[in-house]
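Participant: Okay, handing you the structure first.
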Amino acid sequence: MIVTAEQKYTRQTPTRLRLVAKAIRKLSVTDAMDQLRFINMRSARTMLDVMKQAVANATNTRNIPFDLLVIKDIVVNEGPQFKRIQPVSRGRAHAILKRTAHVRVVLESREPAVEEKSKDLQDEKAKKHDTIAVSPLKEKTDKTTMSVTKKPAVKKSVSKTSQQKTDKKVGK
455 MIVTAEQKYT RQTPTRLRLV AKAIRKLSVT DAMDQLRFIN MRSARTMLDV
505 MKQAVANATN TRNIPFDLLV IKDIVVNEGP QFKRIQPVSR GRAHAILKRT
555 AHVRVVLESR EPAVEEKSKD LQDEKAKKHD TIAVSPLKEK TDKTTMSVTK
605 KPAVKKSVSK TSQQKTDKKV GK
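In structure tokens form, the structure reads like this:
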């Protein structure tokens with residue numbers, strides 16, 4: 455099952471939120487929450503809040519156990535920008551953009567039944583292999599072997615180059 459939680463108009467830049475989102479993407483919810491508690495950024499706190507919202511949605515509305523939740527996707531989009539001015543010298547003003555972001559966390563539940571079924575199938579296959587009688591194999595009398603011969607190592611001769619001596623003296 456897929457569960458989502460979204461927080462809109464967060465007063466943080468999307469680039470800073472994306473740094474944190476990249477760190478926890480494709481983790482289980484327990485691992486992601488542990489990571490977020492130790493990341494020393496303001497955006498980690500925001501991401502943790504959205505994660506808690508998604509977990510609450512999953513456990514309260516869909517009755518999915520907390521241990522089975524995995525982060526499927528985290529999307530951080532840009533929101534509207536608040537435009538402000540910064541007064542500077544000579545009566546001028548520079549523009550300041552106060553950026554906002556929309557954060558969406560998508561959680562997915564792992565199915566424990568699939569793992570149990572695969573274990574049961576493996577147990578049944580193992581039982582079948584134990585009950586089958588194995589006849590001894592006939593040994594081959596003709597054994598073919600391949601002989602590998604190594605090529606002799608080639609030594610490269612190093613020729614010494616002599617420098618020509620000059621009788622000319624360099625003057626100052």
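The sequence shown begins at 455 in my numbering and counts up one residue at a time.
Using N, Cα and C, we set each Cβ at its ideal position, and we do this for glycine too.
I believe ALA555 touches GLU532 by the beta-carbon criterion, under 8 Å. Please report the beta-carbon distance rounded to the nearest angstrom.
Facilitator: 6 Å
Participant: According to the neighbour-count rule (16 or more other Cβ atoms, all chains shown, within 10 Å of its Cβ), is GLY539 buried or exposed?
Facilitator: What sits at residue 539 in the sequence shown is Ile, not Gly. Burial call: exposed.
Participant: Assuming GLN576 and ARG553 form a contact by the criterion Cβ under 8 Å, report the distance between their Cβ atoms to the nearest whole angstrom.
Facilitator: Contact doesn't hold; Cβ gap of about 53 Å is too wide.
Participant: Using beta-carbon positions only, say whether GLN489 and ALA477 come within less than 8 Å of one another.
Facilitator: yes
Participant: Do you know whose CA, among PRO541, ARG516, ALA508, PRO468, lies nearest LYS526's CA?
Facilitator: Put simply, of PRO541, ARG516, ALA508, PRO468 the residue whose alpha carbon is nearest the alpha carbon of LYS526 is ALA508.
Participant: Per the DSSP calculation, ALA512 is bridged to which residue(s)?
Facilitator: Note: ALA512 sits in no beta bridge, so no partner.
Participant: Who are PRO541's beta bridge partners in DSSP?
Facilitator: ALA547
Participant: Pick out whichever of ASP521, PRO468, GLU562, VAL560 has its Cα sitting closest to the Cα of LEU551.
Facilitator: PRO468
Participant: Thinking C-alpha only, which one of LYS537, VAL560, VAL608, GLU460 is nearest THR500?
Facilitator: GLU460
Participant: Among LYS609, LYS462, ASP521, which has the Cα closest to the Cα of SER482?
Facilitator: ASP521
Participant: Could you give the DSSP three-state label for SER611: helix, strand or coil?
Facilitator: coil
Participant: Classify ALA510: buried if its beta carbon has 16 or more other beta carbons within 10 angstroms, exposed otherwise.
Facilitator: exposed
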